[in-house]
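If you read the sequences in order, they're chains A and B. Heads up: the first sequence begins at 526 in our numbering, then just goes up one per residue. Heads up: the second sequence begins at 567 in our numbering, then just goes up one per residue. Glycine included, C-beta positions come from ideal geometry on N, C-alpha and C. What you are looking at is a predicted structure, and each value in this text was computed from that prediction instead of being measured. Report on the following structure.
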Amino acid sequence: MQRTVARAAPAPSPRWSVRTASITGLVTVLAAALAVGSVAVPPGEVIGAVARGLQGRLDGAADVIVWQVRAPRVLLAAVTGAALALAGTAYQAVFRNPLADPYLLGAASGAGFGAALALVHGATWAWLGALGVGGAAFAVAVATVVTVVLLARRGGRLPIVSLILAGVVLGSSLSAATSFVMLADRERTAGVLAWLLGSFAFAGWRDVAMLTACLVLAVPAAMAARRAFDLLLLGETSARQLGLPVERFKWTVVLGATLLTAAAVSVAGVIGFVGLIVPHAVRLAVGPEHRELVPLSVLWGAAFMVAADLVARTALSPAELPVGIVTALVGGPFFLALLRGGREAW
Amino acid sequence: MKHPRDHRTYARSLVSRAVARGWLALIVLTFAFAFAQGPVVDDLGREVVLEAVPQRIVAMVPTHTETVCALGACDRLVGVDTFSNVPARVSRLPDLGSAFDADLEALIALEPDLVLTDEYSGLAEALAPLGIPVYAGTPQTVAEVWRTTEALATLLGLESEAALLVGRTQGRVEALAASVAGLPTPRVFVELDATPYSVGPGSYLGELLTLAGADNIVPAGLGDFPQVDPELVVAEDPEVVILLDAPFGESAETVAARPGWGAIAALRGGAVIELDQAGVDLLTRAGPRLADALELLIGLLEGERR
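Have a look at this one:
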């Protein structure tokens, strides 16, 4: 059978204008976040400090503030937002569920439990202390999701419903365990709570480098899988008939997205909402195709998180708001506005 | 019962003994400092290294603020955390937030040559790579109050001031403890919040209760800050209830309204003590006002010793 495919003329593509606008937006937000802080540093000084920081010779308190406090904080917010939005996109594609987010399979409650254990017992249990808070959070988060996957497995298959149920139930149990560990030692309760709410306040360059390395692996992998994600939109049966090894693909994506989520959570704490709404916002703007959805989610996730952290540290300066509160308070209405004005996405 | 004059003589001898012990402590400590000027290691197990005697100090925990000022170095403080309010003059210093959400930029802009903070918030770990010397640790027991005072004094180059301060405070504590020795020990329940959380005998406040001649109804096996079963309180029937959560709205009425609590001795003619925020701060901040805290506790229990 012969088919003729109608091709649109290569018009000045709206796709590129959206990408250009997104990159410009991200750069603008990054610059603004680097320029503004609780200590006023003139823009010229900021540029000078970055230049001196790149050469590794800092000079004075302003340089330290811009290069060792503000810059890693801003960049960590960017890579965390990107990682969570990307993981959210992948989860939503696999689960074909608008409520799916990176924490669906218990990564957040696992990380919280690991961090609470390390914060409370790190001094007495040497191996836990050696792992550190971030290491313990990462390890327990990954272990939790792997347990969920193993519990949900039926023969060689991975039914979505049992995955979600196992994730929710194990997640609730771990949250309860976290509360128990936290309340057993009141002295450290504030520390655990602060970690659970998520923050970029004490970010360092090492965290930025680690998470950037994860993204360098994850973004190309997600781009390579964009067609498979699109196929899954048709439903698992259709995707299988079209030649996608659905079960293996689901395993790989769940594992990859979990590692990325766990890495993000281990450096920034549990920051909600970003992994849920950023992919939706992009879908409302450009539609469900993953060729657009993946890169734009990464860019928008980064920009949104940097902006949210900027609000978190300037709104009540010198006091800080937990950034997770800002993502939900500011992001929620913004998303609802998009939802009213946008197209049907699911 | 002793004859009043005997009692006075006894008290006087106690005071002179306390003074003598204070001086002895001073002499011993001075020698200890002179010969064993070891490195200061904080509660995170890290050695605190200073290039010079610090002149621009930031204190991110109220107890450190109080200690620095008690050592006579209040004018070296350039910034404090949001909860530091004693002595009153520190309220004029820049407010850097709490240790848990410190304003790092403003802190660095002050160019401190020593930051005193806690061991849990992560602030020490954030500051160390920036080359700012940090001492991370807070006293959790009476013994740790002395140790922390001496550690800070070594860092500040005020060893003899610390010996004097510690000696004087220990002398007052011994005299106060001796003043209630042999007196009846009322059963006391201390409430940190309405959940209800309380303090075990191993905690700082638990130790103060013991020194004040009180019988803490919370057994040691429950830990330092246990959430206790309300049944335990009813069963132990405390004669005194001290409400550290009174600033948050708890009172004799709200306690009496709890099921079964209306019948406990404290509400049947004993005492339910509603502390104000200043009193709560005094009792919960392990620091140089330790003897004042003990004196407050002893005063609160005075009417209940029978």
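query	result
What's the gap between the Cα of A672/B and the Cα of V717/A?	24 Å
Starting from the beta carbon of E632/B, find every residue of chain A whose beta carbon is closer than 7 Å, and list them in chain order.	Ordered by position in chain A, no residue passes the 7 Å Cβ test against E632/B, which lies about 19 Å from the chain.
Can you pull the chain C residues whose beta carbon is under 7 Å from the beta carbon of V851/A, in chain order?	Protein chains A and B are contained in the structure displayed, whereas chain C is not.
Confirm the yes/no value for this check: CB of L821/A, any heavy atom of the ligand COA, distance under 7 Å.	The ligand COA is absent from the structure shown, which contains no ligands of any kind.
Would you please state the rounded distance, in angstroms, between the beta carbons of E712/A and F666/B? I believe it to be under 8 Å.	The pair is not a contact, with the Cβ atoms about 13 Å apart (cut-off 8 Å).
Indicate whether L821/A and V799/A have their beta-carbon atoms separated by less than 8 Å.	no
Show which residues of chain A have a CB atom less than 8 Å away from the CB atom of Q793/B.	L708
Would you say T707/B and Y763/B are within 8 Å of each other, going by their C-beta atoms?	no
Please report the distance separating the alpha-carbon of P804/A from that of V811/A.	10 Å
Could you say which of L774/B, G645/B, L863/B, E816/B lies nearest to L682/B if we only look at CA atoms?	G645/B
Should F754/A go down as buried or exposed, given a rule of 16 or more other Cβ atoms within 10 Å for buried?	buried
Indicate the three-state DSSP secondary structure (helix, strand or coil) for G645/B in the structure shown.	strand
What is the rounded straight-line gap between the Cα of E685/B and the Cα of V779/A?	37 Å
Can you name the start and end residues of the alpha helix (DSSP H) that L682/B belongs to?	No alpha helix (DSSP H) holds L682/B; the beta strand (DSSP E) holding it covers 680-683.
Going by DSSP, name the residue or residues bridged to D795/B.	Its beta-bridge partners do not exist; DSSP assigns none.
Should I590/A and G562/A be called a contact, given that it needs their Cβ atoms to be closer than 8 Å?	yes
Answer yes or no: does any C-beta atom of chain A fall closer than 8 Å to that of P653/B?	no
Report yes or no: is there a C-beta of chain A within less than 8 Å of the C-beta of D811/B?	no
Which whole-angstrom value describes the C-beta separation of V807/B and L867/B, a residue pair presumed to lie in contact below a C-beta threshold of 8 Å?	So it is not a contact: roughly 12 Å between Cβ atoms.
Are the C-beta atoms of V694/A and some chain B residue less than 8 Å apart?	no
Where does D647/B land, buried or exposed, given buried means 16+ other C-beta within 10 angstroms?	buried
Starting from the beta carbon of P695/B, find every residue of chain A whose beta carbon is closer than 9 Å, and list them in chain order.	Q593, G729, W730, R731
If you run the structure through DSSP and keep just helix, strand and coil, what is D661/B?	strand
Output needed for L785/A: all residues of its chain with C-beta closer than 7 Å, excluding positions within five of it in sequence on either side, in chain order.	A608, L611, A612, C739, A743
Taking the beta strand (DSSP E) that Y701/B falls in, what are its first and last residues?	700-702
Should A586/A be flagged as near chain B, meaning a C-beta pair shorter than 8 Å?	yes
For F666/B and chain A, any beta-carbon pair shorter than 8 Å?	yes
In chain order, what residues of the same chain have a beta carbon less than 6 Å from the beta carbon of E816/B, not counting five sequence neighbours either side?	A760, L809
From A587/A, A546/A, A633/A, T669/A, pick the residue whose C-alpha is nearest to that of L696/B; which is it?	A587/A
Which two residues bound the contiguous beta strand (DSSP E) that contains F814/B?	That residue, F814/B, is in no beta strand (DSSP E); it is neither H nor E in DSSP.
In whole angstroms, give me the CA-to-CA distance for A648/A and V665/A.	18 Å
Suppose contacts are defined by Cβ-Cβ distances below 8 Å. Is C635/B in contact with P653/B by that definition?	yes
Using the C-alpha atoms, what's the distance from A702/B back to L722/B?	15 Å
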